[in-house]
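Colleague: Offset between the sequence shown (1-based) and the numbering used here: plus 262.
Ideal placement from N, C-alpha and C gives every residue a C-beta, glycine not left out.
Everything numeric in this text was worked out from a predicted model, so none of it was measured.
Take a look at this one; I'll ask things after.
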Amino acid sequence: MAALTGAIPAIGKNRFIDAAPHRYSRSRGSARGAADSFVLSHDVPSIFAGHYDPSFPIALCLKDLALIKELMDHVGTTNTLTEATHERFREAGRRYGTAAGEMTVCKVIEDDAGIDLRVAGEWVKPWEVAHG
């Protein structure tokens, strides 16, 4: 999910659509309505704030994805989405280092598109969001 989270806002920004400011509550750190989810309240504000949530490093994402690959090999299956995700995280690790936060994978999209997805304001840090 993290590998795709930056794609939709990047597409919108490239088409001059910037829905982020009015779709998110800065005080709650989340979207309003039926689309509210952990990803929206935790990950997306990390992109908007530009810190990419350093609490879970790319190195751990790569470890988990390698374990998934090992399991897929063991049971004799493939999953192209998982393989593409693994490659996207490897690319993020090469560019920004494996100590960078997991959401830095979205910076790959930003940099490739020549945009940034920063949104002015005081975004709630993911570790400060109250989940209720």
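Would you tell me roughly how many angstroms separate the C-alpha atoms of D305 and E384, rounded to the nearest one?
Modeller: For the purposes of this step, residue 305 is taken as residue 43 along the sequence shown, with counting starting at 1. For the purposes of this step, residue 384 is taken as residue 122 along the sequence shown, with counting starting at 1. C-alpha separation (whole angstroms): 15 Å.
Colleague: Taking E372 as the reference, which of V301, L302, S303 and F310 has the closest Cα?
Modeller: Here residue 372 refers to the residue found at position 110 when the sequence shown is read from its first residue. Among V301, L302, S303 and F310, the Cα nearest to that of E372 is on F310.
Colleague: Here's a check: name, in chain order, each residue in its chain whose Cβ is nearer than 8 Å to the Cβ of F318, leaving out the five neighbours to either side.
Modeller: In the sequence shown, counting from the first residue as 1, residue 318 sits at position 56. Excluding residues within five positions, the ones whose Cβ falls inside 8 Å are G363 and E364.
Colleague: Is it true that the CB of A328 sits closer than 8 Å to the CB of A399?
Modeller: Outside the displayed span of the chain (263 to 394) sits residue 399, for which this structure offers no information.
Colleague: Out of H313, L324, A375 and M334, state which residue places its alpha-carbon closest to the alpha-carbon of T366.
Modeller: Counting from 1 along the sequence shown, the entry for residue 366 is found at position 104. Ranking the options by Cα distance to T366, first place goes to H313.
Colleague: Tell me which residues share the same chain as C323 and place their Cβ nearer than 6 Å to its Cβ, disregarding the 5 neighbours each side in the sequence.
Modeller: Counting from 1 along the sequence shown, the entry for residue 323 is found at position 61. Counting only Cβ-Cβ distances below 6 Å, and skipping sequence neighbours, we find F351 and E364.
Colleague: Note the first and the last residue of the continuous alpha helix (DSSP H) segment covering M334.
Modeller: As a first step, residue 334 must be located in the sequence shown, where it is residue number 72. Start and end: I320 to V337.
Colleague: Is E372 close to chain C, meaning its C-beta is less than 8 Å from at least one C-beta of that chain?
Modeller: Going by chain labels, chain C is absent from the structure shown, which holds only one protein chain.
Colleague: For S299, count neighbouring Cβ atoms within 10 angstroms of its own Cβ and tell me buried if that reaches 16, exposed if not.
Modeller: To locate residue 299, count along the sequence shown from 1; it is residue 37. Looking at its Cβ environment, which holds fewer than 16 other Cβ atoms inside 10 Å, S299 is exposed.
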